[in-house]
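Chains as they are written, first to last, in my numbering: chain X, 743 to 1054; chain G, 743 to 1054; chain P, 743 to 1054; chain V, 743 to 1054. Using N, Cα and C, we set each Cβ at its ideal position, and we do this for glycine too.
Number of protein chains: 4
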Amino acid sequence: MTNLSDIQSAEIEQARQTVMPTRRSVAEGLEEILFQAIPVLDHGFVRVIDYMGDDAAVVQAARVSYGRGTRKVSEDRGLIHYLLRHWHTTPFEMAEIKLHVKMPIFVARQWIRHRMANINEYSARYSILDREFYLPAPEQLAVQSVQNRQGRGDVLGADEAAQVLSLLKGDAERNYDHYLEMLNHDENGERLDQDRQGLARELARMNLSLNFYTQWYWKTDLHNLMNFLRLRADPHAQYEIRAYADVILDVMKKWVPTSYDAFREHRLEAATFSGEALKALRRMLAGEQVEQSQTAMSKREWDEFLAKLNPS
Amino acid sequence: MTNLSDIQSAEIEQARQTVMPTRRSVAEGLEEILFQAIPVLDHGFVRVIDYMGDDAAVVQAARVSYGRGTRKVSEDRGLIHYLLRHWHTTPFEMAEIKLHVKMPIFVARQWIRHRMANINEYSARYSILDREFYLPAPEQLAVQSVQNRQGRGDVLGADEAAQVLSLLKGDAERNYDHYLEMLNHDENGERLDQDRQGLARELARMNLSLNFYTQWYWKTDLHNLMNFLRLRADPHAQYEIRAYADVILDVMKKWVPTSYDAFREHRLEAATFSGEALKALRRMLAGEQVEQSQTAMSKREWDEFLAKLNPS
Amino acid sequence: MTNLSDIQSAEIEQARQTVMPTRRSVAEGLEEILFQAIPVLDHGFVRVIDYMGDDAAVVQAARVSYGRGTRKVSEDRGLIHYLLRHWHTTPFEMAEIKLHVKMPIFVARQWIRHRMANINEYSARYSILDREFYLPAPEQLAVQSVQNRQGRGDVLGADEAAQVLSLLKGDAERNYDHYLEMLNHDENGERLDQDRQGLARELARMNLSLNFYTQWYWKTDLHNLMNFLRLRADPHAQYEIRAYADVILDVMKKWVPTSYDAFREHRLEAATFSGEALKALRRMLAGEQVEQSQTAMSKREWDEFLAKLNPS
Amino acid sequence: MTNLSDIQSAEIEQARQTVMPTRRSVAEGLEEILFQAIPVLDHGFVRVIDYMGDDAAVVQAARVSYGRGTRKVSEDRGLIHYLLRHWHTTPFEMAEIKLHVKMPIFVARQWIRHRMANINEYSARYSILDREFYLPAPEQLAVQSVQNRQGRGDVLGADEAAQVLSLLKGDAERNYDHYLEMLNHDENGERLDQDRQGLARELARMNLSLNFYTQWYWKTDLHNLMNFLRLRADPHAQYEIRAYADVILDVMKKWVPTSYDAFREHRLEAATFSGEALKALRRMLAGEQVEQSQTAMSKREWDEFLAKLNPS
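The structure is reproduced here in structure tokens:
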């Protein structure tokens, strides 16, 4: 597994050497890992490039203060929990983070649906992509789920898994070979045939499949980061994007530990009950035995309701 | 070239039969083509699904009026030109359009960079994509431009073009065959091997290449539509997305003819001169012979400056 | 109470006379009230100016369909409830509404915090505002709440209420008199003193107080409308903006009745329980008597928790 | 002129004492002034609270680099100019700034129209505003412009100016006196009448006029900051918001000097010519004498065209 070239590692190491004084608030947990590539999947990574603010910035903005705005740790913690619980989300927009992410194109296509972010993507109109494509680990090769039409079921048997991997790998290699051939380039960026100029890059790239890696700079604020994580660190999200969300959850924890705790408590581990679900809940708390047929909930909503009360 | 199945054409024809009375403003030019598929590229299309407002809505919003807000045609026209010329863009946000677009994935990836829009895309996690992929017409197969690193140069020779098309077609067909094989599906959606369940759709799709077609509902307001068109109907845009932009320009003309004229005049056919370019221009108008070396413009900016004054 | 002048009423009535055929989907409940002013507070109103789509548009977008996209009523209803319950909100962005709203400036200042909307406001740089200001009804004159620092407590006594209204009215009248005097205008827009030109409108307006009425065109999509209503139809919202939200809830019901039901069920009447609250709930359902001190909840969160279980 | 209390100045001074090491890029020009209040108008200010990135961040994002991304100064400068000239604006979204601004409410109402920003405003539902209101300097008291219905003309004569200031001051003082009376508070926050609780803050504030000061934290990216400055540092913007824009232009110069130069060159000092204007320009360059009547430009557009060629 290689996620970085030697040259890239050296550039990162060099960038980490420069340390400067600043009056801004500093998140020590993030400084520790700044610029380093945290590996994800077989060739991907997440790197923290820059950030603005920390837990105190949230508190400071909520109080519109002149100084640092923080008070006692317990008060600040209480305020952050209160803000999240009551959906007062604007103070969380006051902290910002910038990541460098490398991920398969099909992951990038899900990711970009989060519009409240800034993106600069590596351009395959302009540059030539590397021979890097995602091959799932065998334990991720699952059958189509029958219950959930957008999900995965059991893991494939060993033979079928081997066959799938062989097809994915063979096609990706061939597609990349032909990509280079159309570009009239060899693996080292040299022209293959001196008499040909090669197809335009913006056209040749269409031969690559959706498991090829792309990369971008992605910048968002803490409020929108939490929206991203709430949806993408969820068990219903596709495994491949969840792998990135899980890494970013760790980044968030290093950056804004109090907001992270509040986010776990009031979003990730929370559950919402509809009006009908609340009615059923109140009857159950009063000691009544409630059946689905006695409520206005559909079978599906009822099952979800029970799952919230009795998590597996 | 097939852009629609018979079933789809019938559904469209049926939807067009229903006509209802409304008090809202009606754009007759758009009603004419509502729901119809306007073909783009080899399998793509643009369909107008819905719209809100027309030129009068722009005028009405600019005047915050109680009634329809329009006055004499010449006054309304003057107001619309004034608004666009002076970048008073909020009244153009008051008209909205919704399109159904089918396009290659690499085009969708450029398109989605326009964030101020609403999108619902056909889900390949949930459904199986059709065997439809883009093959450029031979006259679109151009070499990599040397001047412009993101563009195209001359058209490929016939032999090289044939070879490129053969590679693109062969790889797309093979990728799709293997996609079905991994899904354990035949072309008609039947299970191939009764003993296998097939790989999850969200995984199998990664074997498709970027020239496969996807589709989405795309909704935006007139202001953001013009931003899209200004960038994507531009000669520097990649041909394939420009093909869509050109079709949408025609749609815009049917929808809001006065705004369309103003947009051509003050955006598409307009040119911006920097402070240094204006200084040079004033000297030239005073009869002076000006050279690049006598200005603070770079060689590249100077060439762009001359091109604005002497369009080819 | 006057919310419209005779001229305005006539313009509205005239606009309502024009009925045209359209192929677009039509929401009959909204057509009924289109353009009419629904009064709010003492001089305000909400008018529906235009709309795009209906419940079927939500369904159609979720299915990315070629025709109208609807199936059986029960299936469409189930889909809409499912989408809202699972925060799949993009299909709700496919329906759009445009309102003309007249409201006190302090209400407009809360309203505009909802950024995902398009606004054209009546310009007091350009035009002269009318002598129209908000005076609360006596039963709305409440003391500062002690528990909730952003809320209201009991209603003022009659004497204190009369004194407050007298101050509010006297100051607003005087401010407006002086506004006209600075503009050198009388009530009918005639120049007062022929030798003076009058202060610029953009300056004179600063003498008006925050209870003066302004008006704007406001356009948003159904998803963002629900966000607005969730926050502004809430008991914690200030009464004056809630009065508008309540009227718009009725508008929503006429426009998209199925989405409205789902919104009541899964947002307005729903409640979210944090991870700690869920733990307590599970213990209570198991028959245990739970005290705040046995949980990790703060006193405040605990009280909110009990209030969700036992609404007053 | 007082823009800060002693306590506030002390809090700011204390915050400036803390200096920490960071690996992030540091803009030395901004560090110099961080947290300090730059006075604007009679009681307002702009304070830089935080920032992320600098000119190098723009370059780094445009190149999607692993290290700092910068090359030779001249190359970086050329790239930034190229990006701005060609409206490649996404790299400028990668730098972010956070300001604390105190301004009259009517200025805040113009400011907030820029939606692509994050805001936390001091809440008058929650807190009591200070007795601080804007009174224009006499040289800013201008008559209504006749040519430009949203602008100012000549300065008022001394007598009329004195009368206007007397009205503005008298009304603001009286409105504030009554605000306190309704709140049942004296100037020091003490209860006036022990038997009254006082009107709710969210209601009493409506008696304040639009020249009272409010304050907020405002955070935006460099791209949107430039949009703000292009519109608000423009001579057509109202003087009072322009005073803030001019101060922020200086801040921008300290923060990102290369982007600032490019912004001056390609936005502030640039001019756009419509298709018709370009045609006229080409004829003039060919030595022709062109009159408005020989073009398709309106009288107004023609005058604007000449003004671009011959700035006063």
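Is the separation between the beta-carbon of residue i and that of residue j shorter than 8 angstroms?
i, j, result
"V/A798", "V/S767", "yes"
"V/D792", "X/M794", "yes"
"P/I1010", "P/A987", "Per the sequence shown, residue 1010 of chain P should be read as Leu rather than Ile. Their beta carbons are not under 8 angstroms apart, which means P/L1010 does not touch P/A987 by this criterion."
"P/M924", "P/G940", "yes"
"G/E944", "X/Q905", "no"
"V/L772", "V/W997", "yes"
"G/F848", "X/M845", "no"
"G/P833", "P/N862", "yes"
"V/Y918", "V/A946", "no"
"X/N969", "X/H856", "yes"
"V/I839", "V/T764", "no"
"V/I1069", "V/W853", "Because chain V is modelled from 743 through 1054, residue 1069 of chain V falls outside the range shown and cannot be assessed."
"X/V790", "X/V782", "no"
Taking Cβ-Cβ distances shorter than 8 angstroms, what residues in chain V pair up with residue i?
i, result
"X/G820", "Those do not exist, as X/G820 stays about 16 angstroms from chain V at its closest Cβ, beyond 8 angstroms."
Quick one: using the 10 Å Cβ neighbour count with 16 as the cut-off for buried, is residue i buried or exposed?
i, result
"V/L950", "buried"
"G/L890", "Note that residue 890 of chain G corresponds to Asn in the displayed sequence, not to Leu. Under this definition G/N890 is an exposed residue."
"G/S1054", "exposed"
"P/M743", "Legend: pLDDT at P/M743 = 45, less than 50; position of this residue unreliable, value from coordinates given subsequently. Burial call: exposed."
"P/Y808", "buried"
"G/P878", "buried"
"P/V761", "exposed"
"G/I822", "buried"
"V/A1013", "buried"
"G/Q936", "exposed"
"P/S1001", "buried"
"P/L1048", "exposed"
"P/G811", "buried"
"X/H1008", "buried"
"V/V815", "exposed"
For residue i, return the contacting residues in chain G, with the cut-off set at a CB-CB distance below 9 angstroms.
i, result
"P/L776", "T764, R765 and R766"
"V/L1051", "L1020, L1023, R1024 and L1027"
First and last residue of the beta strand (DSSP E) that includes residue i?
i, result
"G/M794", "G786 to M794"
"V/H842", "E838 to P846"
"X/V801", "Premise fails: X/V801 lies in the alpha helix (DSSP H), D797 to R805, not in any beta strand (DSSP E)."
"P/E863", "N860 to E863"
"V/I780", "A779 to V782"
"V/V888", "Element bounds for V/V888: n/a, residue is neither H nor E."
"P/T764", "M762 to T764"
Hey, is residue i close to the ligand GDP, as in C-beta under 7 angstroms from one of its heavy atoms?
i, result
"P/E923", "As presented, the structure is devoid of all ligands, the ligand GDP included, so that no description of it is given."
Given that residue i touches chain G, what residues does it touch there, using C-beta distances under 8 angstroms?
i, result
"V/E1007", "S1016, G1017 and E1018"
"X/F970", "Neighbours of X/F970 on chain G: none; closest Cβ ~14 angstroms, over 8 angstroms."
For residue i, which residues in chain P fall below 8 angstroms Cβ to Cβ?
i, result
"G/M1026", "Under the 8 angstroms cutoff, chain P gives no residues; its nearest Cβ is about 38 angstroms from G/M1026."
"X/E1011", "S1016, G1017 and L1020"
Name the two residues that bound the continuous alpha helix (DSSP H) containing residue i.
i, result
"P/G895", "Here P/G895 belongs to no alpha helix (DSSP H); instead the beta strand (DSSP E) covers R894 to V897."
"V/E835", "From DSSP, V/E835 is part of no alpha helix (DSSP H); its letter is neither H nor E."
"G/I749", "D748 to Q759"
"G/V815", "V815 to R827"
Applying a beta-carbon distance threshold of less than 7 angstroms, which residues of chain X neighbour residue i?
i, result
"V/Y986", "The contacting residues do not exist; V/Y986 stays about 17 angstroms from chain X at best."
"V/Y808", "Q750, E753 and I754"
Give the interface partners of residue i over in chain V, defined as CB-CB distance under 9 angstroms, in chain order.
i, result
"G/R974", "Under the 9 angstroms cutoff, chain V gives no residues; its nearest Cβ is about 12 angstroms from G/R974."
Against residue i, what residues of chain X qualify as contacts under a CB-to-CB distance less than 8 angstroms, listed in chain order?
i, result
"G/A942", "A884, V885, Q886, S887, G893, R894 and G895"
(message) Restricting to runs no shorter than 3 residues, where is the beta strand (DSSP E) found entirely within the region 911 to 966 of chain V?
(response) 955 to 963
(request) Only counting runs of 4 or more residues, tell me where the alpha helix (DSSP H) segments fall wholly within the region 988 to 1054 of chain P, in order along the chain. (result) 999 to 1005, 1017 to 1027 and 1041 to 1051
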